[in-house]
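Visitor:
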Amino acid sequence: MTDRKMTVGRYLVRRLEQLGLKHAFGVPGDYVLTFLDLLEESSIDLVNTCNELNAGYAADGYARVTGLGAVCITYGVGGFSAYNAVAGAFAERIPLVVISGGPKLSLRGRLHPNLLHHTIGDMNLQRDIFDRITQAAIVLRNPVQALRQIDETLAVCVRHSRPVYIEIPADMVDEPCEEPGSWTPDRALHLDADVLAEAVEETLSLMSSASSPVILAGVEVCRLNTQEALLEVVERTGYPVATTALGKGVIPEHTNGYIGTYFGALANESTRRIVEASDLVLCLGAWTTDIDLGGYTAHLDPGRLIVANNERVWVKRHVYDHVPLKDFLAALCLALSTMALPEGRPALPLHPPSAPFVPSPPALLSADRFWARINRFIADDHILVVDTGSSAFEGLKLCLPAGADYVSQCFYASIGFAIPATLGIKLAAPRYRPIVFVGDGAFQMTGQELSTIIRRNLNPVIFLVNNDGYQVERVIYDNVYNDLQRWEYALLPEAYGGKRGVAVRTEGDLEAVLRQAAEQKDALVFADVRLKRDDFSETLRRLGETLR
Ligand SMILES: Cc1ncc(C[n+]2csc(CCOP(=O)(O)OP(=O)(O)O)c2C)c(N)n1
Ligand SMILES: [Mg+2]
């Protein structure tokens, strides 16, 4: 790009390249075409998705792995279609850059606004809505200010690990501007050192008198790149450590002291007991949200919590502001290096190892047997991608071998996330094989993105958990609204240009699919796993009982 004249559009592309972005996801439209041409001439690979919602999910999955994702969409019809994915990314702190083309500035306000296609007449509406679901939302209106605006907005995205919105009107893309110099965005959040010192002092004082402390690690540890510091705190304290649902995978599950995923009454009984009986729960980067903690079933007394998140630390019911998680963990590690904590913490139960599995080939597959078998299948190079629905609850109980990773949008919990997110995840992390669990209901939302997975020759193993409807809803209240049209799911990969999938009815069928996955490591494997609609697993039965 260096021999071409610098323009506002090229400047934005160059900054994205400087942030290490290799792929962007989107759907073309006339308001964004000139910008897409610039992406095509850059090192960034533009991946066409079937729709903008899927582009958002794919970019979200991509960002979960690489630390930055981007969506490029057209105005109105494109932007409005992407809102749900971007709201999810905001809720779950995913650094996503939403780039929308826009009507020419020279036309805005000149014609009667209703004459501009794809709009409802209000040229501010799209930005205003994005403003509510992103950390910053800007319209580039002036080529001189645009450069600073772009730099600041992208820095906000990576600093806060949240989506941002950049609208580039069609007549701004080719506006000449200065060359972008070298640039490193400021990622540090505002720190008040005196407040930090007091927060650490009070934390240590509570730790030194706690008799059954425990660490609850959450997703922000990963979003804010503080995994090493977390491991150091775990090692220095010797405290048992659980993760929240959204935090599954933030700590390697073979770590000494790991006790499983805590999600209220739905967690393994031993995990729940240790966390809820603790007299001091050190919540590090953990959101104490309803779904993340098992749908209102968690019993965590605020008087026994220290919650360190993003930019503040709560000790019991009072708060220390301007204490970023990263700085808090670093200061805690430092203090712990010179401090002896009380001895005599209880012996820990091991994170439940998965029991040996002996298949009975002719037996019809049940939900419990399916998940038990899957627990033996997961390998070091797998990244599990789990959609919302019954799979989300089962997935949390799987044991991840060292190296394996886990992605689930289980706080915002929009069904249909997993298939498009898999597209992004695999492109972001080629050495991983995505192992996908998606319900039939979730698949019916966004499953057509399988066609882009096939188009790109990607190799996920997809288990479509087909229980004939909305089972997770069924277990709470059942009615005809939980029924779905039955699709021949296994035919779809062929319809999308790939090889036909397989239907799995028996334990023998499942063994055959797992063999296929092991033998055909570079190919997509698609299994329509047929389970009975009233086959509620043990976990789901408990969910129903608790939520009803
Ligand atoms: C976009 C969206 N619409 C509706 C819901 C409400 N909802 C939550 S789970 C669920 C059913 C999921 O069914 P399925 O994917 O088949 O999984 P199952 O529980 O049957 O295994 C629905 C409709 C949602 N979470 N997201
Ligand atoms: Mg279902």
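Heads up: the sequence shown begins at 3 in our numbering, then just goes up one per residue. The beta carbon of each residue, even a glycine, is placed where N, CA and C say it ideally should be.
Would you list the residues sitting across from Glu169 in a DSSP beta bridge?
Guide: The partner list for Glu169 (beta bridge, DSSP) reads Ser102, Val141.
Visitor: Please state the DSSP three-state secondary structure of Ser119.
Guide: According to the sequence as given, residue 119 is His; it is not Ser. Of the three classes helix, strand and coil, the one that applies to His119 here is coil, per DSSP.
Visitor: My output table needs one value for Arg316: the three-state DSSP class, helix, strand or coil.
Guide: Note on identity: in this sequence residue 316 is Trp, with Arg being the wrong assignment. Strand at Trp316.
Visitor: For Leu286 versus Pro215, is the C-beta distance shorter than 7 Å?
Guide: no
Visitor: Taking 6 Å as the line, does the beta carbon of Asn469 fall inside it for any heavy atom of ligand 1?
Guide: The nearest non-hydrogen atom of ligand 1 is less than 6 Å from the C-beta of Asn469.
Visitor: May I ask you to verify whether the segment 211-228 touches the segment 29-47, counting CB pairs closer than 8 Å and requiring at least 3?
Guide: no
Visitor: With 16 other CB atoms within 10 Å as the buried threshold, where does Gly305 fall?
Guide: Per the 10 Å Cβ criterion, exposed.
Visitor: Shorter than 6 Å, the distance from the beta carbon of Asp62 to the closest heavy atom of ligand 1, or not?
Guide: no
Visitor: Less than 6 Å between the CB of Asp530 and some heavy atom of ligand 2, yes or no?
Guide: no
Visitor: Do the segment 166-181 and the segment 248-268 meet, that is, are 3 or more Cβ pairs less than 8 Å apart?
Guide: The count of Cβ pairs closer than 8 Å, one atom from the segment 166-181 and one from the segment 248-268, stays below three, leaving the stretches out of contact.
Visitor: Under a Cβ-count criterion, where at least 16 other Cβ atoms within 10 Å of its own Cβ denotes burial, should Gly249 be classed as buried or exposed?
Guide: Result: buried.
Visitor: So what does DSSP say about Gly58, is it helix, strand or coil?
Guide: helix
Visitor: Report the rounded CA-to-CA distance for Pro422 versus Val474, giving the unit in angstroms.
Guide: Take the alpha-carbon of Pro422 and the one of Val474: they are about 21 Å apart.
Visitor: If I'm right that Val309 touches Ala201 with Cβ under 8 Å, what's the distance once you round it to whole angstroms?
Guide: 11 Å between Cβ atoms; not a contact.
Visitor: Okay, do the segment 462-469 and the segment 82-99 touch, 3+ Cβ pairs below 8 Å being the bar?
Guide: no
Visitor: Which term fits Ile122, buried or exposed, when burial requires 16 or more other beta carbons within 10 angstroms of its beta carbon?
Guide: exposed
Visitor: Start and end of the beta strand (DSSP E) containing Leu48?
Guide: 47-50
Visitor: What three-state label does DSSP hand Asn461 in the structure shown?
Guide: coil
Visitor: In whole angstroms, what separates the C-alpha of Phe445 from that of Met341?
Guide: Straight-line Cα distance between these residues: approximately 52 Å.
Visitor: Assess, as a yes-or-no matter, whether the segment 447-466 is touched by the segment 409-422 under the definition of 3 or more beta carbon pairs within less than 8 Å.
Guide: Verdict: yes, contact present.
Visitor: Report the residue from Val321, Val223, Tyr77, Tyr59 whose alpha carbon sits nearest the alpha carbon of Gly71.
Guide: Tyr59
Visitor: Where does Tyr498 sit, in a helix, a strand or coil, going by DSSP?
Guide: coil
Visitor: Could you check how far apart the C-beta atoms of Thr291 and Phe413 are, in whole angstroms? I think they sit under 8 Å.
Guide: The distance from the Cβ of Thr291 to that of Phe413 is about 6 Å, consistent with a contact at the 8 Å cut-off.
Visitor: Going by beta-carbon coordinates alone, are Glu169 and Arg134 separated by less than 7 Å?
Guide: no
Visitor: For Ala26, which residues does DSSP report across the bridge?
Guide: Leu48
Visitor: Considering only DSSP beta bridges, list what Phe265 is partnered with.
Guide: Ala267
Visitor: Please confirm whether Val504 and Leu512 have their CB atoms less than 7 Å apart.
Guide: no
Visitor: Decide if the segment 529-543 is in contact with the segment 392-408; the criterion is three or more beta carbon pairs, one per stretch, under 8 Å apart.
Guide: yes
Visitor: From the DSSP output, in three-state form, read off Pro422 for me.
Guide: helix
Visitor: Identify the continuous beta strand (DSSP E) that holds Leu286 and give its terminal residues.
Guide: 282-286
Visitor: With DSSP as the reference, identify every bridge partner of His384, one or two as the case may be.
Guide: Arg435
Visitor: What is the residue span of the beta strand (DSSP E) that Tyr408 lies within?
Guide: Per DSSP, the unbroken beta strand (DSSP E) holding Tyr408 starts and ends at 407-410.
Visitor: Considering only the beta carbon of each residue, do Gln147 and Val166 sit closer than 7 Å?
Guide: no
Visitor: Would you call Ala301 buried or exposed, if buried means 16 or more other Cβ atoms sit within 10 Å of its Cβ?
Guide: The identity of residue 301 in the sequence shown is His, whereas the question assumes Ala. Exposed, because fewer than 16 other Cβ atoms sit within 10 Å of the Cβ of His301.
Visitor: Excluding the five sequence neighbours on either side, which residues of its own chain have a C-beta within less than 8 Å of the C-beta of Leu226, listed in chain order?
Guide: Ser163, Gly287, Asn312, Pro326, Leu327, Lys328
Visitor: Hey, Pro436 and Ile376: beta-carbon distance below 7 Å or not?
Guide: no
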